Amino acid sequence: MALNCGIVGLPNVGKSTIFSAVTSAPAEAANYPFCTIDPNIGMVAVPDKRLDRIVSLIPPAKVVPATVEFVDIAGLVKGASQGEGLGNRFLASIREVGVIAHVVRCFDNPDIIHVNNRIDPAGDIETIDIELALADLETVEKRYDKIVRLSRVDKEQQKENAFVIPILERLKEALGDGKSARSVVTDEDEVKAIYDLHLITMKPVIYVCNVDEDSIGEDNDYVRTVRSIADKEGAPVVVICGKIEAEIAALDTEEEKKEFLEAVGLEESGLDNLIRSAYATLGLRTFFTAGSDEDRAWTFHEGDKAPRCAGVIHTDFEKGFIRAEVYNCEDLFKYGSEQKVKEAGKLRLEGKDYVVQDGDIMHFRFNV
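Here the sequence shown stands for residues 1 to 368, numbered as in the UniProt record's numbering.
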């Protein structure tokens, strides 16, 4: 899975405003459709209070947080799967991301044009879902026709495709009804069998409700509609006020940002919540290395073993992996220093079969 999050939605729902705020990088934003044509890309630090606490206990010369990539993809419209509104170009960009952040307009403002001239979150979500499903349907139909033809003339191919053909038939029916591929293909072996199709609707989705200032801290009717849809899919929902997030992003210091959040009654920005949600939805976790030179958060996939995590730092670490010294950051927070963690017997030596846990602090031993 790609380590990035694509921000999608209809035109003028606030995608580019949210992207600019989340990356603190300017993205073109205007009050007309298709302002964003080529996708904007930005690397974003993952907010992690654990790293801040590690730094306070093991002061380094340098601090490096984990990062995730965000991609601002131009607005889709009805007919995108057939090329409407430069749809083919936009759909190609979506295929390259690991998770989709679907921004839904959940505010009234007559001064900001809506592409359908109405505020209708359920209808907006349906429009995007249908276009993505139709794009996937074309991909599935092409593969289905190809392997059916091969199976007729090649008995060996017939055996190989006996497992895949029923999956594709189910997909054709679901996608034709505007349903997602992930709603009908959940078995791990089946997912692997169609992985090379890179279906858009197999990607996990986060719904991002863009609200106005009056809806901060309390769901409005539009947000409740989105939550109802997301609950049926088992998808996370993040509520953001793009206007406020843009104001926060423009502030110079963390202290100013903290004061601003307190003034509007928020404990954290909606964008921090979105970044963490994207990171988690991608199946990403964090381990740390800590020392006088550098405290750093490293990204790994949940379930990865110690050698693979060592390879995140350097390929030589994985090739020559011997063992890892491991303790969890919660032990550091409890005992106050690495020395006291050792004295408490919480530091362990782990081998090649150790499954790294989120929040582990690791020192790798290797020999190349």
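Ideal placement from N, C-alpha and C gives every residue a C-beta, glycine not left out. This one's a predicted model, so the numbers in the text were calculated from it and none came from an experiment.
- Query: Among 97, 100, 106, 261, which has the Cα closest to the Cα of residue 220?
  - Reply: Ranking 97, 100, 106, 261 by Cα distance to residue 220 puts 106 first.
- By the 10 Å Cβ neighbour count, where 16 or more other Cβ atoms means buried, how is residue 109 classified, buried or exposed? Exposed, by the Cβ-count rule.
- Contacting residues, own chain, Cβ-Cβ under 6 Å from residue 199 (five flanking each side not counted): Cβ-Cβ distances below 6 Å link residue 199 to 136, 181 in the same chain, with the five nearest sequence neighbours on each side left out; the list follows chain order.
- In the DSSP assignment, find the unbroken alpha helix (DSSP H) run with residue 235 in it and report its ends. Premise fails: residue 235 is in no alpha helix (DSSP H) and is neither H nor E.
- Item | Own chain partners of residue 126 with C-beta closer than 8 Å, once the 5 adjacent residues on each side are dropped | Leaving aside the five residues that flank residue 126 on each side, the residues in its chain whose CB is nearer than 8 Å to its CB run, in chain order, 178.
- Message: Could you give the first and the last residue of the continuous beta strand (DSSP E) run that contains residue 45?
- Response: Taken as a continuous stretch (DSSP letters only), the beta strand (DSSP E) holding residue 45 covers 40–45.
- Query: Exposed or buried, residue 285, counting other C-beta atoms within 10 Å across all chains shown (16 or more means buried)?
  - Reply: When all chains shown are included, residue 285 counts as buried.
- Report the residue from 207, 353, 266, 166 whose alpha carbon sits nearest the alpha carbon of residue 213. Comparing C-alpha distances from residue 213 to each of 207, 353, 266, 166 shows the shortest one belongs to 266.
- Item | Contact under 8 Å by Cβ, residue 242 with residue 18 | A contact, by the Cβ cut-off of 8 Å.
- Between the Cα of residue 322 and those of 352, 14, 204, 362, spot the shortest distance and give me the residue it belongs to. For residue 322, the closest of 352, 14, 204, 362 by C-alpha to C-alpha distance is 352.
- Query: residue 144 lies in the alpha helix (DSSP H); which residues open and close that run?
  - Reply: Per DSSP, residue 144 belongs to the alpha helix (DSSP H) from 121–153.
- Item | Neighbourhood of residue 172 by C-beta distance below 6 Å, restricted to the same chain and skipping five residues each side | Here the set comprises 140.
- Message: Can you tell me whether residue 59 is buried or exposed? The criterion is at least 16 other CB atoms within 10 Å of its CB, across all chains shown.
- Response: By the 10 Å Cβ count, residue 59 comes out exposed.
- Query: Curious, which full-length alpha helix (DSSP H) runs of at least 4 residues does the region 251–331 contain?
  - Reply: Taking only runs of at least 4 residues, the alpha helix (DSSP H) segments lying wholly in the region 251–331 are 254–263, 270–281, 306–313, 315–319.
- Message: Taking the alpha-carbon of residue 14 as reference, which of 96, 311, 103 has the nearest alpha-carbon?
- Response: Among 96, 311, 103, the Cα nearest to that of residue 14 is on 103.
- Message: Please report the straight-line C-alpha distance between residue 56 and residue 250, rounded to a whole angstrom.
- Response: The C-alpha of residue 250 is placed about 27 Å away from the C-alpha of residue 56.
- Whose CA, out of 121, 363, 255, lies closest to the CA of residue 10? It is 121 whose Cα lies nearest to the Cα of residue 10.
- Item | Counted within 10 angstroms of its Cβ, other Cβ atoms place residue 348 as buried (16 or more) or exposed | By the Cβ neighbour-count rule, residue 348 is exposed, with fewer than 16 other Cβ atoms within 10 Å of its own.
- Spatial distance of residue 358 from residue 311 (CA atoms): For residue 358 and residue 311, the distance between alpha carbons rounds to 17 Å.
- Item | Stretch-stretch touch, CB-based, cutoff 8 Å, three pairs: the region 138–156 with the region 194–211 | In short, these stretches touch, since the Cβ pair count reaches three.
- Query: Do the CB positions of residue 215 and residue 226 come within less than 8 Å of each other?
  - Reply: Taking 8 Å as the Cβ cut-off, residue 215 and residue 226 do not qualify as a contacting pair.
- Query: Under three-state DSSP, which class holds residue 212?
  - Reply: Correct three-state label for residue 212: coil.
- Please name the residue or residues paired with residue 62 in a DSSP beta bridge. Residue 62 is bridged to 294.
- Query: Quick one: is residue 279 buried, meaning 16 or more other Cβ sit within 10 Å of its Cβ, or exposed?
  - Reply: Buried, since its Cβ has 16 or more Cβ neighbours within 10 Å.
- Where the alpha helix (DSSP H) containing residue 162 begins and where it ends: Secondary structure note for residue 162: it is in no alpha helix (DSSP H), with a DSSP letter that is neither H nor E.
- Message: Among 46, 129, 71, whose alpha-carbon lies nearest the alpha-carbon of residue 230?
- Response: Minimum Cα distance to residue 230 is reached at 129.
- DSSP three-state assignment for residue 50, whether helix, strand or coil: If DSSP states are grouped into helix, strand and coil, residue 50 belongs with the helices.
- Buried or exposed: residue 367, going by 16 or more other Cβ atoms within 10 Å of its Cβ? Residue 367 should be labelled exposed.
- Item | Local conformation of residue 333 per DSSP, three classes | Reduced to three states, the DSSP call for residue 333 is helix.
- Message: Quick check: the Cα distance between residue 133 and residue 175, rounded to an integer number of angstroms?
- Response: When the Cα atoms are used, residue 133 and residue 175 turn out to be separated by approximately 5 Å.
- Message: Can you list, in chain order, the residues of its chain with a C-beta nearer than 6 Å to that of residue 209? Leave out the 5 residues immediately preceding and following it.
- Response: For residue 209, where only same-chain residues beyond five positions count, the Cβ hits under 6 Å are 104, 106, 223, 226, 239.
- Query: Which partner residues of residue 6 appear in the DSSP bridge assignment?
  - Reply: Looking at the DSSP output, residue 6 bridges to 71, 100.
- Task: Give the straight-line distance between the Cα atoms of residue 165 and residue 146, rounded to the nearest whole angstrom.
- Result: Each residue's CA atom was taken as its position, placing residue 165 and residue 146 some 11 Å apart.
- Start and end residues, alpha helix (DSSP H) containing residue 218: Careful: residue 218 lies outside any alpha helix (DSSP H) and carries neither H nor E.
- Message: Using only the alpha-carbon positions, how far apart do residue 162 and residue 131 sit?
- Response: Straight across, the Cα-Cα distance linking residue 162 with residue 131 is about 29 Å.
- How far does the beta strand (DSSP E) with residue 361 in it reach, from first residue to last? In this chain, the beta strand (DSSP E) harbouring residue 361 covers 360–366.
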